[in-house]
Amino acid sequence: MKRGQVVKAFKALVISLVAVVAVFVGNAVTQVQAAGLDFSVETPMPSNQIKGENSYYNLLMASGKSQTLKARLINKSSSPVKVDISAQTAITNTNGVIDYASKTTNTEKSLQYSLQEIVKVPKQVTIPANGKITVPIQIHMPTGKLKGVMAGGIMFRQVNEGATAQSKDSVAIVNQYAFTTALLIRQSEKLYQPNLVLTGINANQINLRNVISLNFVNNQPAFLNHLEINSKITKQNSDKAVYNTRVQGMQMAPNTKFAFPIRLEDKKLVAGAYTAHIVAYGMPAKDGKYRDADGQKYAAKWTFTKNFVITQDKANDLNRKSVATAHYPWWLYALVAAVVVLIVSLSIAVVLLLKRNKKN
Numbered sequence: 096m097k098r099g100q101v102v103k104a105f106k107a108l109v110i111s112l113v114a115v116v117a118v119f120v121g122n123a124v125t126q127v128q129a130a131g132l133d134f135s136v137e138t139p140m141p142s143n144q145i146k147g148e149n150s151y152y153n154l155l156m157a158s159g160k161s162q163t164l165k166a167r168l169i170n171k172s173s174s175p176v177k178v179d180i181s182a183q184t185a186i187t188n189t190n191g192v193i194d195y196a197s198k199t200t201n202t203e204k205s206l207q208y209s210l211q212e213i214v215k216v217p218k219q220v221t222i223p224a225n226g227k228i229t230v231p232i233q234i235h236m237p238t239g240k241l242k243g244v245m246a247g248g249i250m251f252r253q254v255n256e257g258a259t260a261q262s263k264d265s266v267a268i269v270n271q272y273a274f275t276t277a278l279l280i281r282q283s284e285k286l287y288q289p290n291l292v293l294t295g296i297n298a299n300q301i302n303l304r305n306v307i308s309l310n311f312v313n314n315q316p317a318f319l320n321h322l323e324i325n326s327k328i329t330k331q332n333s334d335k336a337v338y339n340t341r342v343q344g345m346q347m348a349p350n351t352k353f354a355f356p357i358r359l360e361d362k363k364l365v366a367g368a369y370t371a372h373i374v375a376y377g378m379p380a381k382d383g384k385y386r387d388a389d390g391q392k393y394a395a396k397w398t399f400t401k402n403f404v405i406t407q408d409k410a411n412d413l414n415r416k417s418v419a420t421a422h423y424p425w426w427l428y429a430l431v432a433a434v435v436v437l438i439v440s441l442s443i444a445v446v447l448l449l450k451r452n453k454k455n
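All you need for our numbering is the position in the sequence shown, starting with 1, plus 95.
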C-alpha cells in the first residue's frame with residue numbers, strides 16, 4: 096500500500112469512528128428557543144376582591160350568585176393573534192408546586208366542585224393587529240354551601256398556526272406560550288386547616304428515571320403551605336435506611352393529590368418488602384408546637400409508617416425502561432473495540448511505512 100493510500104484510509108477510518116459515536120451520542124440534548132407571547136393580559140379586580148390581593152383573582156361570592164369578570168387582551172404585534180382560553184382546577188405537581196393551568200381528570204374525591212363546573216370562558220378569541228379585546232369570565236356560584244376555598248386558574252394560550260414542529264428522534268416538538276392567572280373563590284372567609292393523608296406507595300418513573308412515589312392527598316379546602324417531607328425507606332423489620340429524602344418549601348392546593356417522588360439517583364430498583372417511615376410538617380407559625388430538625392416551628396405535623404412491596408416483575412420492567420440503567424447491546428461494544436484495534440493497527444502501519452520510505 097502506498098503512503099497516500101494509507102493516509103487516506105486512516106482519515107476515512109477516523110471519520111467513520113466519529114460518525115458512529117455521533118449516532119449514539121449526538122442526539123442526547125434537544126434545545127428549544129422560546130420566543131414569548133405576542134399579547135398581554137390585564138385583569139381588573141372586581142369590588143368583591145378580597146383585600147390585600149392584587150396580582151390574581153381572590154373573590155368572595157354568595158351562594159347562588161353569578162358574576163362576570165372582564166379580562167383585557169392586548170395584541171402587541173402587527174398581525175392578528177388567536178388565543179385559546181380555558182379554566183382549570185388547580186392541581187399539585189410532583190415537584191410540590193401548585194399548577195393552575197394543566198388539565199386533569201384524576202381529581203381528589205373530597206373536591207366539592209371543579210372550577211370547570213362553575214366558570215365559563217370563550218374557547219377561542221382573535222385579537223386584531225395592534226388592538227385589544229375584552230374577554231368575559233362568567234362565574235356561577237353553586238346554590239349549596241361551598242366550604243373553604245376553590246382554587247384554579249384561567250389560561251390564555253397563543254395559537255401558533257404557522258409554527259412548524261421541530262423533529263428530534265421522531266418526536267415532534269411545538270413551542271407553546273401561555274399566560275395563566277390564578278382564580279380563588281370562596282363563600283366566606285372562614286379558615287379551614289389542611290390535612291395530609293398517605294394513601295399508598297408504589298414504584299414508578301418520572302422522565303424515565305426510577306422513583307418511589309409516596310401518594311398523599313390534602314383532603315381539606317385549604318392550602319397546605321411550606322410543606323416539608325422527611326422520609327426513610329427501610330427493608331421490612333430493619334432500621335437501616337435504604338433511601339433517605341428531605342424536601343422543604345413545597346405547597347399543596349386544596350383538595351388535591353400529590354405523588355411525592357423519592358428519586359433513586361440513577362440506581363436500579365431492587366425488588367423486596369419495604370417500610371416507609373415519614374414525618375411531614377406544614378403551616379409555619381411562631382407559636383407552632385412542632386419543630387423540625389432545623390428548629391423551624393410548624394402548626395401541623397403528620398407521622399406515617401407504611402409497608403409496601405416492589406415485585407421482581409415491576410423492578411425488572413422499570414429498570415429496563417430507565418435511561419439511568421440503560422445499556423448498549425454487546426455487539427456495539429464489540430464494534431467499537433474492533434474499530435479501535437483497526438485504528439491502532441493502521442497507525443502502526445503508517446509509522447512503519449513512513450520509516451521505510453525515509454530509508455529509501
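Glycine residues also receive a C-beta, built at the ideal position from the N, C-alpha and C atoms.
All of these numbers come straight from a predicted model, not from anything done at the bench.
Endpoints, the alpha helix (DSSP H) within which residue i is located
i, result
"I213", "L210 to I213"
For residue i, the nearest candidate out of the options (CA to CA)
i, options, result
"V404", "I357, N297 and N190", "N297"
"N225", "L286, K177, I213 and N149", "K177"
"G367", "N153, I328 and P379", "I328"
"D133", "I145, N310 and V254", "V254"
"P175", "Q219, L286, S442 and Q288", "Q219"
"Y195", "F399, G390 and Q211", "Q211"
"N201", "T184, V306, I193 and I213", "T184"
"Q391", "V244, R451 and L322", "L322"
"S308", "F353, L278, R281 and M345", "F353"
"I234", "G383, I222, V214 and G243", "V214"
"N402", "I280, L430 and S333", "S333"
"V216", "A182, Y287 and G131", "A182"
"G243", "S172, T275, T221 and Y287", "Y287"
"R341", "V312, N313, A375 and N314", "A375"
"Q343", "R451, D389 and Q144", "D389"
"D408", "A433, L364, Y369 and S205", "L364"
"I301", "T406, Q331, T189 and K396", "T189"
"Q315", "K335, L291 and D382", "L291"
"I222", "K171, K198, M236 and S205", "K171"
"Q271", "V439, S283, S205 and F251", "F251"
"S209", "I228, M236 and V435", "M236"
Where residue i falls, given that 16 or more other Cβ within 10 Å makes a residue buried
i, result
"R386", "exposed"
"T351", "buried"
"E137", "exposed"
"E203", "buried"
"A317", "buried"
"G377", "buried"
"V116", "Only weak support is given to the placement of V116: the predicted model assigns it a pLDDT of 33, under 50, and the value that follows is read from those uncertain coordinates. With fewer than 16 Cβ atoms within 10 Å of its Cβ, V116 is classed as exposed."
"S442", "exposed"
"S265", "Summary for S265: the model assigns pLDDT 45, below 50, so the residue's position carries little reliability, and this model does not support an answer."
"A371", "buried"
"P139", "exposed"
"L359", "buried"
"G147", "exposed"
"I193", "buried"
"N145", "It is worth fixing the name first, because residue 145 is Ile in this sequence and not Asn. It is exposed - the Cβ of I145 has fewer than 16 other Cβ atoms within 10 Å."
"S417", "buried"
"G191", "buried"
"N413", "One point to set straight first is that residue 413 is Leu, not Asn, in the sequence displayed. Answer is buried; the Cβ neighbour count reaches 16."
"T398", "exposed"
"N339", "exposed"
"A395", "buried"
"T275", "buried"
"N313", "buried"
Start-to-end residues for the beta strand (DSSP E) that takes in residue i
i, result
"P217", "Looking at the DSSP string, P217 is not in any beta strand (DSSP E), and its letter there is neither H nor E."
"V178", "V176 to T184"
"I301", "L291 to I301"
"N305", "R304 to N313"
"A277", "A273 to R281"
"P316", "Where P316 is concerned, there is no enclosing beta strand (DSSP E), given that its DSSP letter is neither H nor E."
"Q162", "S161 to N170"
"K227", "K227 to H235"
"I249", "V244 to Q253"
"E137", "F134 to E137"
"L155", "Y152 to L155"
C-beta neighbour in chain B for residue i, strict 8 angstroms
i, result
"A348", "In the structure shown, chain B does not exist; there is a single protein chain."
Cβ separation of residue i and residue j, assumed to be a contact under 8 angstroms, to the nearest whole Å
i, j, result
"K165", "P231", "6 angstroms"
"I46", "I249", "Outside the displayed range of the chain (96 to 455) lies residue 46, so it cannot be described from this structure."
"S326", "G239", "Contact flag wrong, Cβ pair sits at about 38 angstroms."
"I373", "L293", "7 angstroms"
"G295", "N305", "That pair is no contact at about 17 angstroms."
"A348", "A246", "5 angstroms"
"I280", "L154", "5 angstroms"
"Q207", "L168", "Actually they are not in contact, since the Cβ atoms of Q207 and L168 sit about 31 angstroms apart, beyond 8 angstroms."
Exercise for the section: Output the residue ranges of the beta strand (DSSP E) runs that lie fully inside the region 336-408 and measure 3 residues or longer, sorted by chain position. Expected result: 336-347, 351-358, 367-379 and 392-405
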